[in-house]
Every structure is written in C-alpha cells, then in structure tokens.
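Residue numbers (the numbering used here): 56 to 426.
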C-alpha cells in the first residue's frame, strides 16, 4: 500500500483580493454587487487551486473506500476470532489432555528423588566398576590408554537411555507396561546373576595368603571356582551381569520417573494455529485501517484548509465592497447636500433680484469639505 501523500505546508491566502474589481462593482446594487464579487473571487481562487482542490477530494474518496473495505474485513476477522480459542488441548494417548492432574504428595516426591539418586548412583558405580575391571583385565589396549576403559564404560548410560527411548516410542499403555516389567525383570535377573557369580568366587577371595598357599596344588585339580581359568569366566559373567543390571535397572527407574511425572503433569495446551493466523491478519488490518484514517484525515484537513482560505478571501472581498459602497454613498450624499445648498442660495438671490435688490451684495457660494 502506498503511503499517504503528506499535506502541503500552510501558505498565506493567495491570490490577493482584487480591489480594482471591487471598486468597479461598487456602484451596483448591494445584492448584485456581492454576488458578482463572490463569483469573481471564487473563480480566481479555483483558477490557482483547482488541481489541489480536486486532488484532496479524490484522495478523501479513495481513503474512504479503502477504509470502508478494511473495516468490513476487520469486523469479519473480529467475528471469527470471537468464536475461536487461543489455545487448544494437546492430544495425549489418543485423547484431549484436559483432565486435571493429581497434586504432588510427600510420598511421590520422596520416590521421585530416590529414583533420581538411584539412577545417578547406578550409572556412576557402573562406569567406575566396569572401567576398573577393564583396566585389571590386562588387555594391552586398556593398559596403554586407560581413557579407553572409561569410554567403554560410558556405554552403560547410553544403553540405559536407548532402552528408555524404546519405552517412549511405544504407542499403547499395555505395550508400555509389558516393556517396563520386562526391563525390571532383566535388571533383577542381572542383579541375581551378579550376586551368584560373585558368591562363587567369594570363598577364595576371603582366604588369607597362608590359606591360599596351603590350597595350591601342582596339577591344579582344585574346584573350578578357584582355578585361574574358572576365575576368568566368572569375572566375565560378573561384568556382563553387572552391565545388564545397571542398564535395565536404570531404564526401569527412568520409566518410573516418567510415569510419576505424567501422573502429576500439568495440562498441556498448544497455540491454535487458526487463531494465530487470524490474529496476525487482525493486526495487519488494524495497521492498515490506522494508516487509511491518517490519510483520510490529512486529505480532509487539506480540503478544509482550502475551503477556509476561500471563505476568508470572500469575507475580506465582501468587507472591501461594503466599505467602497459606503464611501460612495457618503460622497453622493455630500454632493447632494452641497448641490441643494447651492440651489437654495441661487433661488434666494434670484428672488432678491426680482425684488430690485443690489446684485453686488451677492455673497460667494459656501465651501464644504475643501470642495
């Protein structure tokens, strides 16, 4: 949309009143003279300002038409907005999320904090323990670069997060419940396997150095749990069971945290896209309406300024005409009085002549106003 044309700066009344034309019309009757004066000066004013006069009228009509159209559109937009809500409930598990949530209580808060601490402890302990086992394994790659053991141990929290993401992506409540119990069962199975494997080697680990020397044999026919080969397999089982327990227990605790949050989750609302679009349209229409109103006001103001200039010039011309007409009437009255006095004196002198009076005693005529 083109910006409205700024109004011209105020200027003095132009053209000037023509005194010569007024003086020429001063001898006419007042009604005819005033009509002639007004017609002449109106034509003279429009001769200089007709283009600006017509331009202001056209601009005012254009702004009025645009303003009418924009106001009708704005009213329709307001009517549409009145029947819409700015926010809508989010679809959660196939239904609108408009049900109020359960308020938080002390037990749920305690369980939420305990589950969070449990996840942190499991992950920290798992990373440190697995990295220590890898360093104690004697593998060259870990002995030369111990940092690799910590990177390998970092797979535990990543695996727990991946198991938790699998639960988030399941669509149905039954599938999620089955997934949760499966993770919990695997985690507990890992804990039991871990404890069993550790209990197998615990008797040999609890012996003193003297007791271990007494049980040593050349053939190595001791029990499997105390031989070097058996201990290696049990260590591997301990690491596998520990990793399984930490991954699935951490995931189960994470699922439990999510369940607690969803039980107390706030009602989730999203912005209505239709309302947002109509609101943006309403804002743009309001700005356009305001711009058109300013343009209409400027066009009308310029037109009224021209009208006031014309009225002021016509009033000034009428005042000059009335002044000239009054001066002429006064001069005519003075002449008529002088002529009446002269004629009266001549009449009196003629009467004296007829009566035989001396003509030499006739006084000179009277002088009025230096004439």
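From the three backbone atoms N, C-alpha and C, an ideal C-beta is built for every residue, glycine too. It should be emphasised that the depicted structure is a prediction, and the values quoted were computed from it without experimental measurement.
Please report the straight-line C-alpha distance between residue i and residue j, rounded to a whole angstrom.
i: residue 373; j: residue 115; result: 31 Å
i: residue 122; j: residue 346; result: 9 Å
i: residue 102; j: residue 388; result: 39 Å
i: residue 254; j: residue 289; result: 10 Å
i: residue 417; j: residue 397; result: Reliability fails at residue 417, whose pLDDT of 49 lies under 50, so the model's placement of it is uncertain and no value is given.
i: residue 185; j: residue 295; result: 10 Å
i: residue 223; j: residue 235; result: 11 Å
i: residue 300; j: residue 331; result: 49 Å
i: residue 128; j: residue 151; result: 33 Å
i: residue 356; j: residue 143; result: 47 Å
i: residue 89; j: residue 337; result: 54 Å
i: residue 172; j: residue 137; result: 49 Å
i: residue 164; j: residue 191; result: 40 Å
i: residue 206; j: residue 199; result: 14 Å
i: residue 399; j: residue 84; result: 30 Å
i: residue 94; j: residue 381; result: 21 Å
i: residue 155; j: residue 187; result: 49 Å
i: residue 320; j: residue 240; result: 27 Å
i: residue 106; j: residue 394; result: 54 Å
i: residue 166; j: residue 340; result: 54 Å
i: residue 406; j: residue 383; result: 34 Å
i: residue 104; j: residue 363; result: 13 Å
i: residue 392; j: residue 91; result: 31 Å
i: residue 390; j: residue 113; result: 55 Å
i: residue 335; j: residue 226; result: 36 Å
List the whole-angstrom C-beta distance separating residue i from residue j, where the pair is believed to meet the contact cut-off of C-beta under 8 Å.
i: residue 108; j: residue 361; result: 6 Å
i: residue 238; j: residue 307; result: 5 Å
i: residue 322; j: residue 153; result: 6 Å
i: residue 96; j: residue 368; result: 6 Å
i: residue 100; j: residue 365; result: 5 Å
i: residue 131; j: residue 215; result: Not quite, the Cβ-Cβ distance comes to about 56 Å (not below 8 Å), so this is no contact.
i: residue 312; j: residue 170; result: 5 Å
For residue i, verify whether its CB is less than 7 Å away from any heavy atom of the ligand SAM.
i: residue 213; result: The ligand SAM is not part of the structure shown, which contains no ligands of any sort.
Should residue i be labelled buried (16 or more other beta-carbon atoms within 10 Å of its own) or exposed?
i: residue 304; result: buried
i: residue 316; result: exposed
i: residue 408; result: exposed
i: residue 410; result: exposed
i: residue 358; result: buried
i: residue 249; result: buried
i: residue 202; result: exposed
i: residue 229; result: exposed
i: residue 157; result: exposed
i: residue 22; result: Given that the chain is displayed from residue 56 to residue 426, the structure contains no residue 22 and the question cannot be resolved.
i: residue 378; result: exposed
i: residue 278; result: Note that residue 278 scores 43 on pLDDT, short of 50, meaning its location in the model is unreliable; the coordinates nonetheless yield the value given after this. When all chains shown are included, residue 278 counts as exposed.
i: residue 231; result: buried
i: residue 213; result: exposed
i: residue 233; result: exposed
i: residue 219; result: buried
i: residue 242; result: buried
i: residue 98; result: exposed
Where does the unbroken alpha helix (DSSP H) through residue i begin, and where does it stop?
i: residue 326; result: Counting along the chain, residue 326 falls outside any alpha helix (DSSP H), though it belongs to the beta strand (DSSP E) covering 324-326.
i: residue 212; result: 210-224
i: residue 173; result: 161-191
On the DSSP letters alone, give me the boundaries of the beta strand (DSSP E) that residue i sits inside.
i: residue 143; result: 142-144
Considering only C-alpha positions, which residue in the set the options is nearest to residue i?
i: residue 252; options: 218, 297, 397, 241; result: 297
i: residue 302; options: 234, 245, 112; result: 245
i: residue 211; options: 178, 204, 189; result: 178
i: residue 134; options: 399, 390, 333; result: 333
i: residue 293; options: 399, 189, 163, 132; result: 189
i: residue 327; options: 164, 140, 205, 93; result: 140
i: residue 111; options: 166, 353, 93; result: 353
i: residue 209; options: 233, 181, 199; result: 181
i: residue 146; options: 348, 220, 93, 325; result: 325
i: residue 87; options: 393, 376, 225; result: 376
i: residue 342; options: 92, 104, 126; result: 126
i: residue 344; options: 92, 162, 120, 104; result: 120
i: residue 159; options: 318, 391, 402, 406; result: 318
i: residue 348; options: 92, 104, 91, 124; result: 124
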